[in-house]
Amino acid sequence: MKRTLTCLVCPRGCLLTVDEHNNVTGNMCARGIPYAHQELTNPKRTLTYVIKVNGVKEPVPVRTDVPISKDLIPDVVAHLNTLEFNAPLAFNEVIVANIFGSGANIITSKKIS
Amino acid sequence: MKHNYDLVVVGGGSAGIGAALKAKASGIKSILLVEKAHELGGILNQCIHDGFGVHLFKQTLTGPEYAHYLTEMLQDQGIDILYNANVTNISAEREVTILVADDAVMSVHTTAVVLTSGSYERGAGAINLPGQRISGIYTAGQAQYYLNLKGYTIGQDVLIVGSGDIGLIMARRLSLLGLKVHAVSEIMPFSSGLKRNIVQCLDDFNIPLYLSHKVLDVRGETRVNEVVIGEIDKTGAVIPGSEKTLKVDTLLLAVGLIPYIQLSDKLGIKTSKSRGPIVNELCQTSIPWFFVAGNALHIHDLADDAYFEGEQSGYAASLFINDELKVQTRTLNVKVGPGINYVLPNLLRYPFNLATIAVKLRVNDNYENKRIIIRQGENVLVKKFFQFLFPSELIMLDVATNGLNSEEDITVEVLL
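Residue numbers (my numbering), protein chains in the order written: chain A, 1 to 113; chain B, 1001 to 1416.
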């Protein structure tokens, strides 16, 4: 069965076709091939979000340091909403390590003094 | 704080920081950077999603990370920075009036100005939004500011109007926050957003995209409670029976940005089709000491491009301040040919001061398998093939000035 998908690696957005033998076509560069295989088996995304930090008025932006399984994202968001954090936080400080065993860390996007 | 500066940069976003750093690196000693917020980075700070910095930092960063690195680059450079400060006027005598929050109004004299004041959003009036002007109608950037920088909530059930990247990114952001995005409505038959944002911001969250749809009514007493949209045909007429009533309490307008150029307007500097001031290849306006870059000049797709344009303007301002610009004897026009929406620069000053000129343009429609040419008279300077051309994609082409004569105007066109 052939499948088509849009490559998310770069802004170009190549339309990829993957045939029954896992051959990828439509990719303008080599990065499209592992992307297509990943997307069909275990699609991953970088999550960005904001957290509340005790004593800090403004929300604090955070991110995963590497993409995580798309299926995990609702759970990660729900988990982040339950956690308490305290200042100070360094830039790109790991605030949750290896979240749900995914290998990805949640890190800050901003320094909070 | 001094009272005399060589250069005042208005706005500490991507372009302004690029301008200040490049001017400093080019030997300008006294530089003042004026920023209206309490931190540098401008709109980057509210863009918490990633994808920034591929060209400048060779990695994909979130907006706040990008702002962090830009701020680091500015440290210990000897550039004066004023925070919480608004430039309210720049006079023809080069007096810059600055209103500092919780402080006095101050005035500084400068040799040159780079305006990097960014852009503002088109709102309900700009699209003739029908219906009531009631609570629950936001521009996308305003909502982004409330959510990401203030921690406010904006509503529960949302319709987003406009499918450019800002509308798409807000659809994902709201979905992650637990709001229900009922749909994204787009008046054009295609989205002007990146394909990858359609996938990762809409498809990932099963949000429908209604193309060729316009808002027909906004209803509610004091707060939005429903919005009616309908499909339009090629003439813009609503197709009977296509109306959809969406039970939403929030309407987000993501319908475009316009350069914010009050300060150059006050000086009488005229604008071009990009809605920004008319400039030559040095980002220089009709007032020789007044330069413009970033979204104040034209709307950019990438923060990186705004940064690089800021650098160009900062370098050009340094040539002006150091009196190193060649005395101008002629002006060449850069003309908007068939298939082009706008092109920058609008003018070239002769004799040239740069070896290459970065020509920036947007096309006026979707095209396939077309060539863009830049010519002087009949002499073709650049000819480039594009498989796809979209109005949403800023195109940049370099022109070498040693191939140009001093007489004829330049024309940029799509070979249709």
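For each residue, glycine too, the CB sits at the ideal point set by N, CA and C.
Treat the numbers as computed from the prediction; the structure is a model and nothing was measured.
**Item:** Neighbour flag for Phe-100 (chain A) against chain B, beta carbons, 8 angstroms
**Value:** In the first sequence, counting from the first residue as 1, residue 100 (chain A) sits at position 100. It does not: the Cβ of Phe-100 (chain A) has no partner Cβ on chain B nearer than 8 angstroms.
**Prompt:** Rounded to a whole number of angstroms, what is the C-alpha to C-alpha distance between Gly-1016 (chain B) and Ala-30 (chain A)?
**Reply:** Start at 1 with the first residue of the second sequence, and residue 1016 (chain B) comes out as number 16. Start at 1 with the first residue of the first sequence, and residue 30 (chain A) comes out as number 30. So the two alpha carbons sit approximately 36 angstroms from each other.
**When B:Val-1096, B:Ala-1104, B:Gly-1123 are compared against Thr-1111 (chain B), the one with the closest alpha-carbon** = The count along the second sequence starts at 1 and reaches residue 1111 (chain B) at position 111. Comparing Cα positions, the closest option is B:Val-1096.
**Message:** Give me, in chain order, the residues of the same chain whose beta-carbon lies closer than 6 angstroms to that of Phe-1320 (chain B); leave out the 5 immediate sequence neighbours on both sides.
**Reply:** The count along the second sequence starts at 1 and reaches residue 1320 (chain B) at position 320. Excluding residues within five positions, the ones whose Cβ falls inside 6 angstroms are Ala-1112.
**Asked** Which first and last residues belong to the alpha helix (DSSP H) in which Asp-1006 (chain B) is found?
**Response** The sequence position of residue 1006 (chain B) within the second sequence is 6, counting from 1. Taken as a continuous stretch (DSSP letters only), Asp-1006 (chain B) belongs to no alpha helix (DSSP H), being part of the beta strand (DSSP E) at 1004-1010.
**Asked** Is Lys-70 (chain A) close to chain B, meaning its C-beta is less than 8 angstroms from at least one C-beta of that chain?
**Response** The residue given as residue 70 (chain A) occupies position 70 in the first sequence. Chain B, which has a Cβ nearer than 8 angstroms to the Cβ of Lys-70 (chain A), makes this yes.
**Message:** Quick check on the DSSP output: the beta strand (DSSP E) that includes Phe-1320 (chain B) runs from which residue to which?
**Reply:** For the purposes of this step, residue 1320 (chain B) is taken as the residue at position 320 of the second sequence. Segment 1303-1321 is the alpha helix (DSSP H) holding Phe-1320 (chain B); no beta strand (DSSP E) there.
**Prompt:** Under a Cβ-count criterion, where at least 16 other Cβ atoms within 10 Å of its own Cβ denotes burial, should Glu-1281 (chain B) be classed as buried or exposed?
**Reply:** Translated into positions along the second sequence, residue 1281 (chain B) becomes position 281. The Cβ neighbour count for Glu-1281 (chain B), taken over all protein chains shown within 10 Å, is at least 16; the residue is labelled buried.
**Request:** Output, in chain order, the set of chain B residues within a Cβ distance shorter than 7 angstroms of Val-77 (chain A).
**Result:** By one-based count along the first sequence, residue 77 (chain A) stands at place 77. What Val-77 (chain A) touches in chain B: Leu-1176.
**Request:** Have a look at A:Val-62, A:Glu-39, A:Arg-3 and flag the residue whose alpha-carbon is nearest the alpha-carbon of His-1049 (chain B).
**Result:** Stepping through the second sequence from its first residue, residue 1049 (chain B) is reached at position 49. If you compare the alpha carbons of A:Val-62, A:Glu-39, A:Arg-3 with that of His-1049 (chain B), the shortest gap goes to A:Val-62.
**Request:** Enumerate in chain order the residues of its own chain whose CB-to-CB distance from Arg-3 (chain A) is below 6 angstroms, with the five nearest sequence positions on each side excluded.
**Result:** One-based indexing of the first sequence puts residue 3 (chain A) at position 3. Cβ contact annotation for Arg-3 (chain A) (same chain, cutoff 6 angstroms, sequence separation greater than five): Val-18, in chain order.
**Asked** Could one say the Cβ of His-1038 (chain B) lies closer than 8 angstroms to chain A's Cβ atoms, at least one of them?
**Response** The residue labelled residue 1038 (chain B) in the question sits at position 38 within the second sequence. Chain A contact via Cβ: absent.
**Message:** Taking the alpha helix (DSSP H) that Asp-1165 (chain B) belongs to, which residues open and close that run?
**Reply:** Residue 1165 (chain B) sits at position 165 when you count from the first residue of the second sequence. Residues 1165-1176.
**Prompt:** Does any CB atom of chain C fall closer than 8 angstroms to the CB of Ile-1048 (chain B)?
**Reply:** No chain C appears in the structure shown, which is made up of the protein chains A and B.
**Request:** Count the CB pairs spanning the segment 1195-1205 of chain B and the segment 1163-1180 of chain B that are closer than 8 angstroms, and state whether there are at least three.
**Result:** Counting C-beta pairs closer than 8 angstroms gives three or more between the segment 1195-1205 of chain B and the segment 1163-1180 of chain B, which meets the contact rule.
**Asked** In the structure shown, what three-state DSSP assignment does Ala-1085 (chain B) receive?
**Response** Numbered from 1 along the second sequence, position 85 holds the residue referred to as residue 1085 (chain B). Judged by DSSP in its simplified three-state form, Ala-1085 (chain B) adopts strand.
**Message:** Would Tyr-35 (chain A) pass as an interface residue toward chain B - the criterion being a Cβ-Cβ separation below 8 angstroms?
**Reply:** Here residue 35 (chain A) refers to the residue found at position 35 when the first sequence is read from its first residue. Not one beta carbon of chain B lies nearer than 8 angstroms to the beta carbon of Tyr-35 (chain A).
**Item:** For Val-1008 (chain B) and Val-1108 (chain B), believed in contact at Cβ under 8 angstroms, the rounded distance
**Value:** Counted from its first residue, the second sequence places residue 1108 (chain B) at position 108. Counted from its first residue, the second sequence places residue 1008 (chain B) at position 8. Right, their Cβ atoms sit about 7 angstroms apart.
**Prompt:** For His-1298 (chain B), which of helix, strand or coil comes out of DSSP?
**Reply:** Counting from one through the second sequence, the residue named residue 1298 (chain B) turns up at place 298. Note: His-1298 (chain B) maps to coil in three-state DSSP.
**Asked** Quick one: is Val-50 (chain A) near chain B, going by C-beta distance under 8 angstroms?
**Response** Taking the first residue of the first sequence as 1, we reach residue 50 (chain A) at position 50. Interface residue, yes.
**Request:** Determine the closest residue to Asp-65 (chain A) out of A:Leu-8, A:Thr-108, A:Arg-12, A:Thr-6, with distance taken between C-alpha atoms.
**Result:** Residue 65 (chain A) sits at position 65 when you count from the first residue of the first sequence. Comparing Cα positions, the closest option is A:Thr-108.
**Request:** Please name the residue, chosen from B:Tyr-1066, B:Ile-1031, B:Lys-1370, that lies closest to Leu-1415 (chain B) on a Cα-to-Cα basis.
**Result:** Position 415 of the second sequence, counted from the start, is the residue given in the question as residue 1415 (chain B). Checked all of B:Tyr-1066, B:Ile-1031, B:Lys-1370; the closest Cα to Leu-1415 (chain B) is B:Lys-1370.
**Prompt:** Pick from B:Ile-1340, B:Lys-1214, B:Asn-1333: whose alpha carbon is nearest that of Ser-1406 (chain B)?
**Reply:** On the second sequence, position 406 is the one that residue 1406 (chain B) refers to. Out of B:Ile-1340, B:Lys-1214, B:Asn-1333, B:Asn-1333 has the C-alpha closest to the C-alpha of Ser-1406 (chain B).
**Message:** Runs of 3 residues minimum, wholly inside the segment 1028-1106 of chain B: which ones carry the beta strand (DSSP E) assignment?
**Reply:** Runs found: 1031-1034, 1050-1052, 1080-1082, 1085-1090, 1095-1100.
**Terminal residues of the alpha helix (DSSP H) in which Thr-1401 (chain B) lies** = For the purposes of this step, residue 1401 (chain B) is taken as the residue at position 401 of the second sequence. It is not in any alpha helix (DSSP H) - Thr-1401 (chain B) carries neither H nor E in the DSSP assignment.
**Prompt:** Out of B:Ala-1303, B:Gly-1167, B:Thr-1062, B:Asn-1004, which has the shortest C-alpha to C-alpha gap to Ser-1029 (chain B)?
**Reply:** For this step, residue 1029 (chain B) is matched to residue 29 along the second sequence. A quick correction: the sequence has Lys, not Ser, at residue 1029 (chain B). Looking at the Cα atoms, B:Asn-1004 is the closest of the given residues.
**Prompt:** For Val-1359 (chain B) versus Ile-1374 (chain B), is the C-beta spacing smaller than 8 angstroms?
**Reply:** By one-based count along the second sequence, residue 1359 (chain B) stands at place 359. By one-based count along the second sequence, residue 1374 (chain B) stands at place 374. In this structure, Val-1359 (chain B) lies near Ile-1374 (chain B), with their beta-carbon atoms less than 8 angstroms apart.
**Prompt:** Hey, would you say Leu-1252 (chain B) sits closer than 8 angstroms to Val-1380 (chain B), going by beta carbons?
**Reply:** Along the second sequence, one-based indexing puts residue 1252 (chain B) at 252. Along the second sequence, one-based indexing puts residue 1380 (chain B) at 380. Inclusion of Leu-1252 (chain B) and Val-1380 (chain B) in the CB contact set at 8 angstroms is not warranted, their separation being larger than that value.
**Request:** Grab the span of the beta strand (DSSP E) containing Ser-1185 (chain B) for me, first residue to last.
**Result:** To locate residue 1185 (chain B), count along the second sequence from 1; it is residue 185. Note, Ser-1185 (chain B): beta strand (DSSP E), 1180-1185.
**Asked** Does the separation of the CB atoms of Val-1279 (chain B) and Asn-1346 (chain B) fall below 8 angstroms?
**Response** Looking up residue 1279 (chain B) in the second sequence gives position 279. Looking up residue 1346 (chain B) in the second sequence gives position 346. Yes. Within cutoff.
**Asked** Looking at the unbroken alpha helix (DSSP H) that takes in Pro-74 (chain A), where does it start and where does it end?
**Response** Residue numbering aside, residue 74 (chain A) sits at position 74 when the first sequence is read from its first letter. That run of the alpha helix (DSSP H) goes 73-82.
**Partners in chain B for Glu-58 (chain A), counting only beta-carbon separations shorter than 8 angstroms** = For the purposes of this step, residue 58 (chain A) is identified with residue 58 of the first sequence, where counting begins at 1. Below the 8 angstroms Cβ cutoff, chain B contributes Leu-1149, Lys-1150, Gly-1151 as neighbours of Glu-58 (chain A), in chain order.
**Asked** Per DSSP, what kind of secondary structure is Glu-1231 (chain B) in: helix, strand or coil?
**Response** By one-based count along the second sequence, residue 1231 (chain B) stands at place 231. Here Glu-1231 (chain B) carries a strand assignment [DSSP, helix/strand/coil].
**Asked** Which whole-angstrom value is the C-beta distance of Val-1218 (chain B) and Pro-1130 (chain B), which I expect to be below 8 angstroms?
**Response** Residue 1218 (chain B) sits at position 218 when you count from the first residue of the second sequence. Residue 1130 (chain B) sits at position 130 when you count from the first residue of the second sequence. The Cβ separation is near 7 angstroms, so the contact holds.
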